[in-house]
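Peer 1: Just so we're aligned: the sequence shown equals residues 7 to 782 in this note's numbering. Sharing a structure, written as structure tokens. Questions coming.
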Amino acid sequence: MKKSTFILALLILMTGCSSESTTVNSDATQTKPDIIEQTQVVEQPIEPVVEQPIEPVVEQEIELEQKSEEVEKVEIIKEERTMPMEIHVYSNEIPWDTSVKIPMDATTSINEAMKVAIPGDTIIVHEGIYRETLNISKDNITIIANENDYVLVSGNSVVTDFVPYEEMPGVYVADVPENYKLDFTQVFANGEYQNIARYPNLTLNDMMAPLEPGGGYVELESIFKPEDSLEVRANFKTDALAQVDLTGGIYRGLVGKNRDYVIGDIISNESNSIKFKSVSTNDWGKTGEVTENYHPISFGFVMHKNLIDIPGEWYIEDRKIYYMPKGDITDLQIEMQVRPKVLLLNNREYVTIKNINFVAGNAQMKNSNNISIDNCTMRYLQPFYKIKGYSIGESKETGFYMENSDDNKFNNFYLAHGWGNGVYISGGKNNLFTNCVFKDLGWIGTFTAGLYTSGENNFVRDCTFEHNGRFQIRVDKDVKIDILHSKFVNAMELGEDAGALQFTSTGKIGPLDLKGSVLAYNIVSDLQGIPVFAGNYKKRYVCAFYMEDVNNYTAHHNLIYNLNPDDYGSEYEFEKVGGVLYIGPRYNAMDEPVNYYNNTSWNCTRSLNAWGIEISNIEELNAKGVAQKENSGTMTNGHFANNLFNESLFRLIYSTQNLTEKGASTGWADNDHNQWKPILTPSMEEYFEHMEKVGYVYNPQTNMMLKNDTGSENYIDVETGDFRLTENSLAKGAGTPIPGITATDSERPDLGALEGSDYVLSAGANLELPKFKEIR
């Protein structure tokens with residue numbers, strides 16, 4: 007190599023090195039012209055000596071540039087974090103305390119913090135409102151409120167720019183938020199829930215008081231539908247709606263049995279009558295006739311924009327919100343729900359959510375395990391919805407929905423207010439609820455529950471269920487569920503013919519197997535229901551333990567009182583039943599244990615109730631694969647001991663039917679040979695003896711009935727729910743020892759739920775709620 011060539015190459019190499027040291031993040035297109043320019047300056051004095059060997063040097067120059075760029079790229083890549091850390095999130099919306107300052111460049115979204123989190127991290131959320139759906143996208147994460155801070159995850163958006171609506175004095179109108187895509191919403195003013203405009207007005211702070219003045223329902227004069235027509239007519243007892251155009255509004259009716267309840271779109275109205283087309287797919291949505299006298303008593307209400315007439319009412323129409331404020335609207339912050347869910351927890355494991363509050367939206371957990379929900383609240387989950395049927399499955403995602411999720415724990419959890427369910431568990435196993443409150447749920451009136459489960463091995467302890475439209479706990483699959491030391495109050499507020507604890511085989515041939523479940527030290531009280539009229543069915547029937555076709559369980563030390571439906575004041579006669587226990591078994595042969603020990607009931611009208619059915623075509627069903635060989639329902643392994651009842655009735659009804667393989671009735675069959683089986687008696691002894699002849703073996707021991715007029719003398723104070731036995735009570739020392747149930751040191755235990763201790767009196771949650779600071 008010639009000397010000039012060597013010098014040129016050396017200069018080029020030195021130039022490349024100096025370029026790397028001056029800029030770490032240089033761009034290739036910027037660096038290359040600089041190098042070429044320097045090369046030309048050096049080449050000019052030795053122009054005659056330009057030779058072929060220079061080309062590989064240029065290639066070496068380019069190669070060095072590429073290496074330099076690679077080094078630069080390596081330098082700017084962040085090293086993957088492996089050590090867990092705390093990530094702080096700050097809200098930019100704290101309306102109750104505007105003095106709070108947040109750090110510069112603070113993260114203001116929990117979801118943004120989630121994006122940079124790694125397993126093991128703790129996301130600490132500071133005071134304020136977070137308007138987002140909390141989407142848990144990482145495993146092994148803890149989301150916790152900063153100590154003593156109130157954190158609210160909201161499904162609402164703020165509505166602004168209200169202007170007076172000239173056609174309705176006192177009403178203001180605004181555009182709904184652009185991201186509002188829901189079928190229905192919920193509205194809040196300074197954090198307080200506001201009511202959809204309706205007739206009659208809802209003036210009580212109770213969404214489920216259809217029989218009370220101000221409860222937002224009215225008794226209809228009649229409701230019917232002509233044959234070959236899909237137009238339903240509902241007649242009110244007043245012409246208050248005569249001057250109001252209700253076209254396009256919604257009718258909601260509590261009509262007949264739950265399967266008859268109806269939702270409809272209003273076609274027209276005149277005088278005291280409305281016409282609507284049924285959304286419900288029951289008889290109201292079919293062409294058959296529903297006669298005017300088939301439902302002589304029913305209840306309903308109408309919703310429409312033109313019904314806004316008291317402060318706090320609102321309506322959405324054509325992407326406008328109409329609202330009548332109480333006071334000056336400029337003093338109010340109006341919010342409406344725009345997000346369907348406030349929490350998504352799908353395909354995750356080992357997540358803890360603690361001290362977080364949620365409002366205005368449902369929650370979803372699918373395929374997630376080892377989740378802890380601790381000291382959280384969820385309020386106003388599901389807005390109004392147009393349900394087509396009445397089954398609980400149609401409402402399954404109208405609350406906290408869980409699917410195929412195992413080993414999850416809810417502790418100190420408050421879930422309240424909504425048109426749909428509380429918690430719905432579909433599949434999964436080992437889910438636990440302790441010290442939880444499920445309150446004011448099921449406003450829609452059809453099948454909903456505070457807690458429904460088809461999952462295996464459920465555990466409920468120290469929980470309170472209060473004010474539910476229908477069930478408080480419902481089970482309809484072969485699962486184990488222990489329900490201990492919990493309180494059930496005011497179930498069945500929008501229906502009848504069901505119970506606080508509702509277990510049923512749902513009609514299949516074969517009983518439900520509860521796999522040794524225990525229901526113990528619970529209180530069930532204050533069930534009324536509503537009167538139902540559907541053809542010949544005229545009842546107001548509620549039940550504490552509705553255990554239809556259910557076996558393999560034990561219920562002990564439960565306290566049941568105040569199940570005594572009143573007359574309602576109607577001119578029509580109807581049966582009023584407040585039952586302690588209904589067992590079915592209908593056509594199902596129950597051979598596993600059905601154990602009732604040391605339960606107390608008071609102020610109930612019916613202690614034990616059963617319904618028997620003989621299957622007329624059992625041989626035909628066996629040929630089609632039905633496993634059960636017995637042609638009627640039985641209970642062969644019952645054991646009822648140490649129970650205290652008040653003076654009441656005991657009943658069995660009985661019939662013979664033809665069934666399908668799935669248990670559906672295809673019609674009545676000859677029942678003459680079974681005429682001796684039904685019984686209605688006030689005698690407990692007669693009932694037990696008769697039922698054994700029918701095939702229902704209770705194996706009764708030391709049960710007692712107390713007279714209604716003097717029985718209260720056996721308790722400390724029935725008016726306050728103190729059912730401890732007095733010293734002179736007839737029930738003291740009158741029982742039979744039961745291993746594992748009664749006190750081990752007593753050869754003659756007391757009767758009833760207070761045997762051994764007064765533990766049952768403290769049943770229910772002991773939950774301290776936060777101050778909901780958005781309400782002001």
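Glycine included, C-beta positions come from ideal geometry on N, C-alpha and C.
Going by DSSP, what residues sit across from isoleucine 272 in a beta bridge?
Peer 2: Phe282
Peer 1: In whole angstroms, give me the CA-to-CA distance for valine 224 and valine 308.
Peer 2: Approximately 10 Å, taken between the alpha carbons.
Peer 1: Taking the alpha carbon of lysine 635 as the reference point, which residue from Leu490, Glu653, Gly644, Glu620 has its own alpha carbon closest?
Peer 2: Scanning Leu490, Glu653, Gly644, Glu620 for the CA closest to the CA of lysine 635 turns up Glu620.
Peer 1: Going by DSSP in three states, arginine 782 sits in which element: helix, strand or coil?
Peer 2: coil
Peer 1: Can you tell which of Lys435, Asn417, Phe390, Asp413 has its C-alpha closest to the C-alpha of asparagine 427?
Peer 2: Phe390
Peer 1: Do the CB positions of phenylalanine 596 and proline 688 come within less than 8 Å of each other?
Peer 2: Just to set this straight, residue 596 is methionine in the shown sequence, not phenylalanine. Contact flag unset, no.
Peer 1: Within the chosen definition, does the region 86–106 reach the region 121–131 through at least 3 CB pairs nearer than 8 Å?
Peer 2: yes
Peer 1: If we count Cβ pairs, one from each stretch, closer than 8 Å, do we get three or more for the region 341–357 versus the region 161–170?
Peer 2: yes
Peer 1: Where do the ends of the beta strand (DSSP E) carrying histidine 562 lie?
Peer 2: 556–562
Peer 1: Considering only residues of the same chain and omitting the five flanking positions on each side of leucine 387, which have a CB-CB separation below 6 Å?
Peer 2: If we look at leucine 387 and ignore the five residues flanking it on each side, its Cβ neighbours are Asn368, Gly405, Gly424.
Peer 1: Considering just the uninterrupted stretch of the beta strand (DSSP E) at methionine 711, what are its terminal residues?
Peer 2: In the DSSP assignment, methionine 711 falls within the beta strand (DSSP E) that extends over 710–712.
Peer 1: Answer yes or no: do isoleucine 398 and arginine 480 have a C-beta to C-beta separation smaller than 8 Å?
Peer 2: Yes; because the gap between Cβ atoms is below 8 Å, this pair is in contact.
Peer 1: For lysine 243, count neighbouring Cβ atoms within 10 angstroms of its own Cβ and tell me buried if that reaches 16, exposed if not.
Peer 2: exposed
Peer 1: Would you tell me roughly how many angstroms separate the C-alpha atoms of valine 169 and alanine 540, rounded to the nearest one?
Peer 2: 47 Å
Peer 1: Among all the DSSP beta bridges, which residues are the ones paired with glutamate 581?
Peer 2: Lys545
Peer 1: In this structure, how does DSSP classify glycine 456 when only helix, strand and coil are distinguished?
Peer 2: strand
Peer 1: Going along the chain, which residues of its own chain have a beta-carbon closer than 6 Å to the beta-carbon of valine 586, five neighbours each way excluded?
Peer 2: Ala550, Ile566, Ser607, Cys610, Ser613
Peer 1: Grab me the residues of leucine 533's own chain with a C-beta within less than 6 Å of its C-beta, minus the 5 sequence neighbours each way, in chain order.
Peer 2: For leucine 533, where only same-chain residues beyond five positions count, the Cβ hits under 6 Å are Ala497, Met498, Val548, Leu569.
Peer 1: Work out the CA separation of threonine 459 and glutamine 707 for me, nearest whole Å.
Peer 2: 33 Å
Peer 1: Excluding the five sequence neighbours on either side, which residues of its own chain have a C-beta within less than 7 Å of the C-beta of alanine 737, listed in chain order?
Peer 2: Leu650, Met710, Asn720, Leu731, Asp756, Leu757, Gly758
Peer 1: Pick helix, strand or coil for aspartate 266, following the three-state DSSP scheme.
Peer 2: helix
Peer 1: Just to confirm the assignment, what range does the beta strand (DSSP E) spanning lysine 347 have?
Peer 2: Membership of lysine 347 in the beta strand (DSSP E) is indicated by the continuous run 347–352.
Peer 1: Among residues of its own chain, excluding the 5 on either side of asparagine 672, which ones have a beta-carbon nearer than 8 Å to its beta-carbon?
Peer 2: Note that residue 672 is threonine in the sequence shown, not asparagine. Answer for threonine 672: Gln663, Asn664, Leu665, Thr666, listed in chain order.
Peer 1: Let's see if you can read the secondary structure: which residues bound the alpha helix (DSSP H) around leucine 627?
Peer 2: 624–629
Peer 1: Find out if the Cβ-Cβ distance for the pair tyrosine 588, methionine 641 is shorter than 8 Å.
Peer 2: no
Peer 1: Please report how far the alpha carbon of isoleucine 272 lies from the alpha carbon of histidine 310, in whole angstroms.
Peer 2: Rounded to the nearest angstrom, the two C-alpha atoms are 9 Å apart.
Peer 1: So which of Asn436, Gly448, Asn414 has the shortest CA-CA distance to glutamine 403?
Peer 2: One point to set straight first is that residue 403 is glutamate, not glutamine, in the sequence displayed. Ranking Asn436, Gly448, Asn414 by Cα distance to glutamate 403 puts Gly448 first.
Peer 1: Mapping DSSP to helix, strand and coil, what is glycine 516?
Peer 2: coil
Peer 1: By Cβ distance, which residues of its chain are closer than 6 Å to glycine 762, with the 5 residues on each side in sequence left out?
Peer 2: Answer for glycine 762: Ala749, listed in chain order.
Peer 1: In this structure, how does DSSP classify histidine 679 when only helix, strand and coil are distinguished?
Peer 2: helix
Peer 1: How long is the line joining the alpha carbons of threonine 287 and glycine 669, rounded to whole angstroms?
Peer 2: 22 Å
Peer 1: Can you name the residues that DSSP bridges to tryptophan 608?
Peer 2: Tyr567
Peer 1: Going by DSSP, what residues sit across from proline 591 in a beta bridge?
Peer 2: Trp617
Peer 1: Three or more C-beta pairs closer than 8 Å, one from the region 249–265 and one from the region 276–295: is that the case here?
Peer 2: Short answer: they touch.
Peer 1: Would you verify that the beta carbon of proline 776 is, or is not, closer than 8 Å to some beta carbon of chain B?
Peer 2: Absent from the structure: chain B. Only one protein chain is present.
Peer 1: Whose C-alpha, out of Lys545, Lys483, Ile359, is nearest the C-alpha of glutamate 462?
Peer 2: Lys483
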